[in-house]
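If you're matching them up, the sequences are chains B and Y in order. Number 197 in our numbering belongs to position 197 of the first sequence; there are no gaps in the numbering. So the number in our numbering is just where the residue sits in the second sequence, counting from 1, plus 1000. Remarks on the structure that follows.
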Amino acid sequence: MKIGTVVEGPTDRLLLKAIIAKLCPGEHDYLDLQPADNGPSFGRTGTGWKGVRRFCYDVRQSLDTDIATLITDHQIDLLIIHLDVDVAFEPDLQEGVIHPVENVPQPCPPILPTAENLKAVVARWLNLEDADKFPTETILAIPSQDSENWLFAAIFPDDALCRQPHYECTHKGNDSRHPAYLMTLKKYGKILKRKDGEIKKPMKHYRQFSGTVADNWNKVCGFCSQARRFNDELMYKSGNNRRDSESISGLKTKAEC
Amino acid sequence: MLTSIGIQGFKSVHSQVLELGQVNVFIGANGSGKSNLLEAVGMLSAAADGRVDADHLLRRGVRHGVPGLYKTSLKGMEQSAIVLKADGSWNDVGTDYEVTFDNSSSGTWIYVQEKLCGKKLMLSPKNTIRRAVVGKTLGHSRKNIGIFSFYIDGSVETSDAKLYTALTDYAIFTPTTPVLRGIQPDIVPSEPLGLLGGRLAEAVEEILDLDNESLGGVDLDDVLELLDWVDEFDITAPSRELLAPHVPSLRSLVRFRDYWMNEKRNHVSGYDASEGALYVLFTLVLALHPSIPGIFAIDNFCQSMNPRLARGVTRLFCRLMLESDPSRQALLTTHSPLVLDGLDLRDDRIRLFAVDRSHSTGGATKVSRVRLSDELMEKGEKGMPLSMMWGMGLLGGVPDIF
């Protein structure tokens, strides 16, 4: 399959690719659409949710096209758009949107209403009328509260935190219970780092543990409803949307899901 | 910090003044004169050090060519003496040094005059060896020996002394793959790093702190993010497990652990590793090692790197240079377009220059600073990167080849 990725950052991309490799074995061609910034000279945000938003705006403004045409032009079988749920709280999330989605963050549990609102926000970024207007090749990956919840659940599935009834509602604001914060502690192997008050995500550790996320994906899905949704959508759409592609030897590629 | 360099009558440069920032990148066609700019500073450096001959030039990474070709030799232009000038400012106190040369048939250049802050530098008649003064009419310069060092006479705190140190320490680094791999000796050895890349492993070892996961105080993660196949790296003694029997043995080796390889056989030495990783380490040593000169040049910055790696390295390099204390300065030439996308030109300390030769200049090298005009900003905000603008010829610094 040819898979386009629009993600907040390279660590998110690593995890998603490992999960896809697990669920859809075979060789895939990746088109890493975002982050693929044009440099800092013009103050354009390279990574993070603003990078995803900028990509969406660029599709309709700079590229003067729409997401469906982009998918067709690049012969993309699946387009993964990733956004962490915690961006729902960003005050300037819908800056530049003419008809913003109201009350994006919703009380959690359940997480679904907030995730659905975020999907609608991405649709507005892309100038789509609503979330049900995404091309069928599109899959929204919206980990809650962020990708680190999935990472933590994969590495520490026996931790009490994972077994809390509302694991996906643990917001960054409450540091002591947040998976990303915990993973900066010695007890959790310092998988992430804290520097100048910020949590840093060492690429090296994501490379190291992306395989663990894939191996323990069933456990992650057990703890995270958003992981289950991504799983189900990926399984369904990868079966339906795969374009037959040929390898250079002329043989059909095997992308079994 | 050096604030400007004036070059007159040197090789392809008829007359140019470079207003410098902290990171200065020169782009231009092959043969446009980029390296000549770096070498002019090298010649100025040797002059400040007291002698301009093959040894002093080579030690700074300047190609020692035929003396007659150092002077500008352009059709329709009269040959004039070479005049080189450096302006600098330390703690808001400015100073400048200027030197004028004439040809030498013996290979050692003759000083016509040296000036400090616009006044002639002369040897005091009372002590012709140890002391130089400015503005006196008595005395004389010693034809093939510069006297700037006599004037400084051991002082370190004045702006004049800082200018002297900045100039004399200057060197042009031109890394080459066989030297970085350790299979060829560096013909311009120096410490901590040879100008062609010799001593790379030793220099990395001197700033690598594995216990604290840092390289020269920078988080190792920031380095490893650039090398996506490297799980970790260290410095080790050569062994036959890492080097094939025919490979000459070195004192120490950079050893990389490959993320993708089988755990029992996943170490590769600098000899076998991707050369890009070696160039990355080389570049970072220049930005981080405490014994690297305060001002240096890299000819062909980011060579042998994938475009995205070049962009990432440029970003990190700029960040480290701007964080350096005391401030360091770099002059870089490059042919790698994505280097430009790693430059934040909104920061005045980072400067991009286009270097061109054309009929309008009579073939002389012309250097123009690329500023973010409204037109470029508009294009950039619409998503066009600087690299693309360069390729389209919007910045200058491209040959007329289609």
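Note that beta-carbon positions come from the ideal geometry of N, C-alpha and C, so glycine has one too.
(request) Look at the alpha carbon of V1093(Y) and the alpha carbon of G1006(Y), and state the distance between them as a whole number of angstroms. (result) Residue numbering aside, residue 1093(Y) sits at position 93 when the second sequence is read from its first letter. Residue numbering aside, residue 1006(Y) sits at position 6 when the second sequence is read from its first letter. Spanning the two alpha carbons is a distance of roughly 19 angstroms.
(message) So F209(B) contacts chain Y; which residues on that side make the cut at Cβ distance below 8 angstroms?
(response) As a first step, residue 209(B) is located in the first sequence; it is residue number 209 there, counting from the start. Neighbours of F209(B) across chain Y, judged by C-beta separation under 8 angstroms, do not exist; the nearest C-beta is about 12 angstroms away.
(request) Would you mind telling me which residues of chain Y sit closer than 9 angstroms to K298(B), beta carbon to beta carbon, in chain order? (result) The structure shown does not extend to residue 298(B), since chain B is modelled only from 1 through 257, so no value can be given for it.
(message) When you compare the CB positions of Y1164(Y) and A1048(Y), do they come within less than 7 angstroms of one another, or not?
(response) By one-based count along the second sequence, residue 1164(Y) stands at place 164. By one-based count along the second sequence, residue 1048(Y) stands at place 48. Cβ atoms of Y1164(Y) and A1048(Y): closer than 7 angstroms.
(request) Pick out the complete alpha helix (DSSP H) segments inside the segment 1352-1384 of chain Y, 4 residues or longer, and give them in chain order. (result) 1374-1381
(message) Looking at the secondary structure, which residues open and close the beta strand (DSSP E) in which D92(B) lies?
(response) As a first step, residue 92(B) is located in the first sequence; it is residue number 92 there, counting from the start. Here D92(B) belongs to no beta strand (DSSP E), and DSSP marks it neither H nor E.
(message) Between S1274(Y), V1052(Y) and L1123(Y), which has its C-alpha nearest G1061(Y)'s C-alpha?
(response) Start at 1 with the first residue of the second sequence, and residue 1061(Y) comes out as number 61. The option with the nearest alpha carbon to G1061(Y) is V1052(Y).
(request) Give every residue of the same chain whose Cβ lies closer than 6 angstroms to the Cβ of L161(B), excluding the five residues on either side of it in the sequence, and list them in chain order. (result) By one-based count along the first sequence, residue 161(B) stands at place 161. So no residue of the chain qualifies.
(request) Please determine if the segment 27-36 of chain B and the segment 95-114 of chain B are in contact, where contact requires at least 3 C-beta pairs separated by less than 8 angstroms. (result) no
(request) Could you tell me the distance, in whole angstroms, from the CA atom of R194(B) to the CA atom of L185(B)? (result) For this step, residue 194(B) is matched to residue 194 along the first sequence. For this step, residue 185(B) is matched to residue 185 along the first sequence. Computed Cα separation, rounded: 9 angstroms.
(message) Comparing C-alpha positions only, which one of D1234(Y), D1211(Y) and I1183(Y) sits nearest to E1205(Y)?
(response) The count along the second sequence starts at 1 and reaches residue 1205(Y) at position 205. Out of D1234(Y), D1211(Y) and I1183(Y), D1234(Y) has the C-alpha closest to the C-alpha of E1205(Y).
(message) Once DSSP output is grouped into helix, strand and coil, what is the label at H1014(Y)?
(response) Mapped onto the second sequence, residue 1014(Y) falls at position 14. If DSSP states are grouped into helix, strand and coil, H1014(Y) belongs with the strands.
(request) Indicate the three-state DSSP secondary structure (helix, strand or coil) for N1024(Y) in the structure shown. (result) On the second sequence, residue 1024(Y) is found 24 positions in, with the first residue counted as 1. Strand at N1024(Y).
(message) Along the chain, where does the beta strand (DSSP E) containing R1255(Y) start, and where does it finish?
(response) Here residue 1255(Y) refers to the residue found at position 255 of the second sequence. L1253 to D1258 is the span of the beta strand (DSSP E), which, as asked, contains R1255(Y).
(request) Using beta-carbon positions only, say whether I76(B) and K17(B) come within less than 7 angstroms of one another. (result) For the purposes of this step, residue 76(B) is taken as the residue at position 76 of the first sequence. For the purposes of this step, residue 17(B) is taken as the residue at position 17 of the first sequence. No, the pair does not count as a contact, with Cβ atoms beyond the cut-off.
(request) On a CA-only basis, which of A1273(Y), N1030(Y), T1158(Y) and T1334(Y) is nearest I1401(Y)? Give me that one, please. (result) Taking the second sequence and counting its residues from 1, one reaches residue 1401(Y) at position 401. Checked all of A1273(Y), N1030(Y), T1158(Y) and T1334(Y); the closest Cα to I1401(Y) is N1030(Y).
(message) On the criterion of 16 or more Cβ atoms from any shown chain inside 10 Å, does Q1008(Y) qualify as buried, or is it exposed?
(response) For the purposes of this step, residue 1008(Y) is taken as residue 8 along the second sequence, with counting starting at 1. Q1008(Y) should be labelled buried.
(request) For the segment 128-175 of chain B, list the alpha helix (DSSP H) runs that are entirely contained and at least 4 residues long, ordered along the chain. (result) 147-155
(request) Tell me, please, whether the CB atom of D258(B) is closer than 7 angstroms to any CB atom in chain Y? (result) Not covered by the structure: residue 258(B). The range shown for chain B is 1 to 257.
(message) Please report the distance separating the alpha-carbon of A1057(Y) from that of H1064(Y).
(response) Numbered from its first residue, the second sequence carries residue 1057(Y) at position 57. Numbered from its first residue, the second sequence carries residue 1064(Y) at position 64. The sequence shown places Leu at residue 1057(Y), not Ala. Those two C-alpha atoms are separated by around 6 angstroms.
(message) Once the 5 residues before and after D12(B) are set aside, which same chain residues still bring their CB inside 6 angstroms of it?
(response) Taking the first sequence and counting its residues from 1, one reaches residue 12(B) at position 12. These residues qualify, in order along the chain: H82 and S147.
(request) Reducing DSSP to helix, strand and coil, say where D77(B) ends up. (result) Locating residue 77(B) in the first sequence gives position 77, counting from the first residue. Of the three classes helix, strand and coil, the one that applies to D77(B) here is coil, per DSSP.
(request) Check whether the Cβ atoms of L1167(Y) and I1147(Y) sit closer than 7 angstroms, and answer yes or no. (result) As a position in the second sequence, residue 1167(Y) is number 167, starting the count at 1. As a position in the second sequence, residue 1147(Y) is number 147, starting the count at 1. Not a contact, by the Cβ cut-off of 7 angstroms.
(message) Quick check: what's the CA-CA separation for T1072(Y) versus S1080(Y)?
(response) What you label residue 1072(Y) is simply residue 72 of the second sequence in a count that begins at 1. What you label residue 1080(Y) is simply residue 80 of the second sequence in a count that begins at 1. In a straight line, the C-alpha of T1072(Y) is about 8 angstroms away from that of S1080(Y).
(message) I'd like to know whether the C-beta of L1386(Y) is nearer than 7 angstroms to at least one C-beta of chain B.
(response) Stepping through the second sequence from its first residue, residue 1386(Y) is reached at position 386. It does: the Cβ of L1386(Y) has a partner Cβ on chain B nearer than 7 angstroms.
(request) Could you please give me the residues that DSSP links to Q34(B) through a beta bridge? (result) Locating residue 34(B) in the first sequence gives position 34, counting from the first residue. Answer is V6(B).
(message) Rounding to the nearest angstrom, what Cα-Cα distance links N1266(Y) and L1224(Y) in this structure?
(response) For this step, residue 1266(Y) is matched to residue 266 along the second sequence. For this step, residue 1224(Y) is matched to residue 224 along the second sequence. If you take the alpha carbons of N1266(Y) and L1224(Y), they lie about 16 angstroms apart.
(message) Using a 10 Å radius around the Cβ and a threshold of 16 neighbouring Cβ atoms, would you call Y236(B) buried or exposed?
(response) Locating residue 236(B) in the first sequence gives position 236, where the first residue counts as 1. Exposed: under 16 other Cβ atoms inside 10 Å.
(request) Tell me whether V1066(Y) is buried or exposed, calling it buried when 16 or more other Cβ atoms sit within 10 Å of its Cβ. (result) Mapped onto the second sequence, residue 1066(Y) falls at position 66. Exposed, because fewer than 16 other Cβ atoms sit within 10 Å of the Cβ of V1066(Y).
(request) Using a Cβ cut-off of 7 angstroms (strictly closer), state whether S249(B) contacts chain Y. (result) Taking the first sequence and counting its residues from 1, the one referred to as residue 249(B) is at position 249. Note that S249(B) scores 35 on pLDDT, short of 50, meaning its location in the model is unreliable; the coordinates nonetheless yield the value given after this. No, S249(B) does not count as interfacial toward chain Y.
(message) Going by the DSSP bridge assignment, what does Q226(B) pair with across the sheet?
(response) Locating residue 226(B) in the first sequence gives position 226, counting from the first residue. Per DSSP, none; premise fails for Q226(B).
(request) Just mark S1360(Y) as buried or exposed, buried being the case when its beta carbon has 16 or more other beta carbons within 10 Å. (result) On the second sequence, position 360 is the one that residue 1360(Y) refers to. Looking at its Cβ environment, which holds fewer than 16 other Cβ atoms inside 10 Å, S1360(Y) is exposed.
(message) On the criterion of 16 or more Cβ atoms from any shown chain inside 10 Å, does A1244(Y) qualify as buried, or is it exposed?
(response) Here the question's residue 1244(Y) lines up with position 244 in the second sequence. Looking at its Cβ environment, which holds fewer than 16 other Cβ atoms inside 10 Å, A1244(Y) is exposed.
(request) State the DSSP-derived secondary structure class of G239(B), mapped to helix, strand or coil. (result) For the purposes of this step, residue 239(B) is taken as the residue at position 239 of the first sequence. Assignment of G239(B) by DSSP, reduced to helix, strand and coil, places it in the helix class.
(message) Quick check on the DSSP output: the beta strand (DSSP E) that includes I1172(Y) runs from which residue to which?
(response) Numbered from 1 along the second sequence, position 172 holds the residue referred to as residue 1172(Y). A1171 to F1173 is the span of the beta strand (DSSP E), which, as asked, contains I1172(Y).
(request) Determine the closest residue to V1254(Y) out of L1345(Y), G1383(Y) and G1197(Y), with distance taken between C-alpha atoms. (result) Locating residue 1254(Y) in the second sequence gives position 254, counting from the first residue. Closest option to V1254(Y), Cα to Cα, is G1197(Y).
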